[in-house]
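Peer 1: Once you've had a glance at the structure underneath, I'll fire off some questions.
Residue numbers (the working numbering): 9 to 448.
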C-alpha cells in the first residue's frame with residue numbers, strides 16, 4: 009500500500025458530483041451515474057464516491073462541499089435526511105486495506121447554510137444510531153460560526169458512539185492540516201505514514217540536548233527523501249490508472265497538491281524522562297526547540313525536493329510499538345519506568361472533568377496553543393469524556409473547550425455487544441439484550 013495509494017485525501021465532493029464521475033474503462037462493475045440535479049441521484053453518487061475513494065486512501069478521506077451540494081434541496085429537508093442516512097449506511101460497507109478501515113470525515117463549516125447543516129447532522133445521527141461502529145465521522149468547522157448552534161446535537165451523537173472533531177480550518181479527524189489551504193485546489197493529498205521515535209534518538213544522544221536535535225535533523229533527511237520517492241511512485245501509478253477517481257476526475261497532476269508529513273512520537277518522554285529536563289518553563293522551552301528544529305529542517309529539505317513538508321504530532325499505531333521495542337532494548341528499569349502508560353505521548357489529551365476550571369493561562373491549554381502554532385502539520389488534541397456523563401454535561405464541556413483551543417477531537421468509549429451489536433444503553437459485563445458476556 010505504501011507506494012500505491014496516499015494516506016489522507018481532502019476532496020471537494022461537490023465538484024466531483026457536479027462534473028459527473030468519469031471512470032473510463034476502470035471499475036466496469038460500478039454503475040455510471042450522469043451529472044444530475046435530482047436529490048436521489050446526488051445521494052446515490054455520494055455513496056458511490058465515498059465507496060470508491062475509500063479504496064484510494066489508506067487512512068482518511070475528508071469530504072468538503074456537502075452543504076453547497078444540497079443547497080437547492082432545502083425545501084425537502086426530511087427527504088434529504090432520509091436519503092443521506094441511506095447514503096452513509098451504503099457507503100460504510102467498503103473493504104479495508106489495514107487493520108482499521110479508511111475513515112471518512114464530512115466537513116461542515118458553520119455559519120453557512122444552517123438548515124442544510126442541521127439536516128446533515130440529523131442524518132448522521134440517524135446513521136450512528138443504526139451503526140455499532142461508524143466508519144464515517146463529522147468535522148465541525150466553527151471558524152465562522154458558533155458551536156452553541158450544534159453542541160446539543162453533537163453531544164447526543166457522542167453518546168451514541170459517533171465520531172466528531174471540532175476544528176477551525178481544514179483539518180482531518182487526526183488533527184492533520186490540509187497543506188494546500190493557501191491555494192484553491194479541489195484536491196489535497198497528504199502522505200503521513202512516517203513517524204519518528206524521539207525517545208530512541210534521546211537514548212542514543214548521551215543525554216545531550218544539542219546532539220539529540222542534530223540526530224533528529226540527520227534522520228529526517230533520508231526519511232523525507234524516501235517520502236518524495238513514494239510521492240513519485242504514487243503519481244506514476246495514478247497516472248497509469250491505479251486510482252481512477254484521482255486520475256480521471258480531479259485532474260490529479262494539474263490541480264492536486266501533495267504534502268509530506270512527518271509525525272513526532274514521544275516528545276515529552278524524550279525530553280523529560282530520558283534527557284533529564286524537569287517539567288518546568290526551561291524544560292518546555294526544550295520541547296519547543298525540538299519542534300522548531302524539525303520544522304526548520306522540513307522547510308529546508310522541502311525546498312530542495314520541491315515539496316511541501318510539514319511536521320505534526322498525532323495518533324499512530326507506532327506509539328505502542330516504539331515503546332515496546334525501546335522497553336526490550338533498554339530495559340523497563342531505564343528512564344522509561346516513570347512513564348504512566350505503555351505507549352509514548354502522541355498529541356495532547358485533556359479530561360472533560362477538569363475543563364470547567366481551565367482558562368487560556370492553564371498550563372495544558374497554553375502548551376497546546378503553543379504547539380499548534382509551532383507545528384505546521386497539525387496537533388491532535390483529544391477531549392476525553394467519562395462513560396456516565398449526560399448530554400448537558402458533554403455540551404458544557406464542548407462549549408468551554410471551544411473557547412480555549414482551536415481544534416480538538418471528542419473521545420468517549422462505549423460498550424458494544426460483540427454478539428448482537430447492541431449499544432443503545434451503557435452496560436458493563438453482559439449485554440442486556442442477548443445476555444452475551446462478549447463486550448467490545
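Where is the CB? At the ideal position from N, CA and C, for every residue including glycine.
On a predicted model such as this, the values are computed, not experimentally measured, just so you know.
1. For residue 414, is the beta carbon positioned less than 7 Å from some heavy atom of the ligand MN?
2. With residue 173 as the anchor, note down where its beta strand (DSSP E) starts and where it stops.
3. Out of 138, 310, 313, 77, state which residue places its alpha-carbon closest to the alpha-carbon of residue 165.
4. For the alpha helix (DSSP H) that contains residue 235, what are its first and last residues?
5. Under a three-way DSSP split, which group does residue 21 fall into?
6. To test your reading of the DSSP string, which unbroken beta strand (DSSP E) runs of 3 or more residues are found completely within the stretch 134-205?
7. How is residue 379 classed by DSSP in three states: helix, strand or coil?
8. Ordered along the chain, which non-local residues of its own chain (more than five positions away) have a Cβ less than 6 Å from that of residue 118?
9. Three Cβ pairs or more, each shorter than 8 Å: is that satisfied between the stretch 237-255 and the stretch 160-177?
10. Using CA atoms only, rank isn't needed, just tell me which of 273, 360, 294 is closest to residue 283.
11. Keeping to the same chain, check which residues put their C-beta closer than 6 Å to that of residue 46; ignore five residues upstream and five downstream.
12. Which value, in whole angstroms, describes the spacing of the CA atoms of residue 208 and residue 334?
13. How close, in whole Å, do the beta carbons of residue 355 and residue 389 come, if the pair is a contact with beta carbons under 8 Å?
14. Would you grab the beta carbon distance between residue 61 and residue 242 for me? Rounded to a whole angstrom, and I think it's under 8 Å.
15. Let's test the definition: count the other Cβ atoms within 10 Å of the Cβ of residue 314 and tell me whether it reaches 16, buried, or not, exposed.
16. Using only CA atoms, which one of 275, 55, 305 lies nearest to residue 229?
17. Quick one: any contact between the stretch 272-292 and the stretch 209-224, if contact means 3 or more CB pairs under 8 Å?
18. Over the uninterrupted alpha helix (DSSP H) stretch that includes residue 318, give me the two end residues.
19. Return the Cβ separation of residue 17 and residue 70 in integer angstroms, given the expectation that the two are a contact with Cβ distance under 8 Å.
20. Following the continuous alpha helix (DSSP H) through residue 86, name the residue where it begins and the one where it ends.
21. With distances taken between CB atoms, is the gap from residue 423 to residue 392 smaller than 8 Å?
22. Looking only at C-alpha atoms, which of 135, 156, 172, 121 sits nearest to residue 145?
23. Taking the C-alpha atoms as reference points, what is the distance between residue 94 and residue 136?
24. Comparing C-alpha positions only, which one of 227, 40, 365, 332 sits nearest to residue 302?
25. How far does the alpha helix (DSSP H) with residue 289 in it reach, from first residue to last?
26. In terms of residues, what are the limits of the beta strand (DSSP E) holding residue 68?
27. CB residue 6 to CB residue 274, shorter than 8 Å?
28. In whole angstroms, what is the alpha-carbon distance linking residue 218 and residue 199?
29. Measuring CB to CB, does residue 186 end up less than 8 Å from residue 143?
30. How far does the alpha helix (DSSP H) with residue 406 in it reach, from first residue to last?
31. Suppose the cutoff is 6 Å on Cβ atoms and the five residues either side in sequence are ignored; what does the same chain contact list for residue 214 look like?
32. Roughly how many angstroms separate the alpha carbons of residue 109 and residue 68, rounded to a whole number?
33. Alpha carbons only, please: which of 395, 127, 265 is nearest the one belonging to residue 420?
34. Of the choices 44, 121, 413, whose alpha-carbon is the least far from that of residue 368?
35. Run the CB neighbour count on residue 446, radius 10 Å, all protein chains shown included, and call it buried at 16 or more, exposed below.
36. Ordered along the chain, which non-local residues of its own chain (more than five positions away) have a Cβ less than 6 Å from that of residue 276?
Peer 2: Let me lay it out:
1. For the structure depicted, the ligand MN is absent and the ligand set is empty, with no information on it obtainable.
2. Element bounds for residue 173: 172-175.
3. Answer by Cα proximity: 138.
4. Annotation: the continuous alpha helix (DSSP H) that includes residue 235 extends over 217-247.
5. When DSSP states are grouped into helix, strand and coil, residue 21 belongs to the helix group.
6. Those beta strand (DSSP E) runs which fall completely within the stretch 134-205 and span 3+ residues are 144-149, 172-175, 195-205.
7. Residue state, collapsed to three classes: helix.
8. So the qualifying residues of the chain are 150, 153.
9. Cβ pair count under 8 Å is below three, so no.
10. For residue 283, the closest C-alpha among the options 273, 360, 294 is that of 294.
11. The beta carbon of residue 46 sits closer than 6 Å to no other beta carbon from its chain once the five residues preceding and following it are set aside.
12. C-alpha of residue 208 to C-alpha of residue 334: approximately 7 Å in a straight line.
13. Confirmed, Cβ separation roughly 6 Å.
14. Incorrect: roughly 15 Å between the Cβ atoms, too far for contact.
15. Around the Cβ of residue 314, a 10 Å sphere holds fewer than 16 other Cβ atoms; the residue is exposed.
16. Ranked by how close their Cα comes to the Cα of residue 229, the residues 275, 55, 305 have 305 in first place.
17. At 8 Å Cβ cutoff, the stretches touch.
18. Premise fails: residue 318 lies in the beta strand (DSSP E), 316-321, not in any alpha helix (DSSP H).
19. Sure, about 7 Å apart at Cβ, within 8 Å.
20. Residues 85-99.
21. Result no, Cβ atoms of residue 423 and residue 392 do not sit closer than 8 Å.
22. Nearest option by C-alpha distance: 172.
23. Residue 94 and residue 136 have their C-alpha atoms some 11 Å from each other.
24. Among 227, 40, 365, 332, the Cα nearest to that of residue 302 belongs to 227.
25. Start and end: 289-313.
26. Per DSSP, residue 68 belongs to the beta strand (DSSP E) from 68-72.
27. Any property of residue 6 remains undetermined from this structure, which presents the chain solely from 9 to 448.
28. About 29 Å.
29. Cβ distance not < 8 Å, so residue 186 and residue 143 don't count as in contact.
30. Counting along the chain, the alpha helix (DSSP H) containing residue 406 begins and ends at 399-412.
31. If we look at residue 214 and ignore the five residues flanking it on each side, it has no Cβ neighbours.
32. If I take the Cα positions, the gap works out to 9 Å.
33. Nearest C-alpha to residue 420: 395.
34. Looking at 44, 121, 413, the one whose alpha-carbon comes closest to that of residue 368 is 413.
35. Label assigned to residue 446: exposed.
36. The answer, listed in chain order, is 353.
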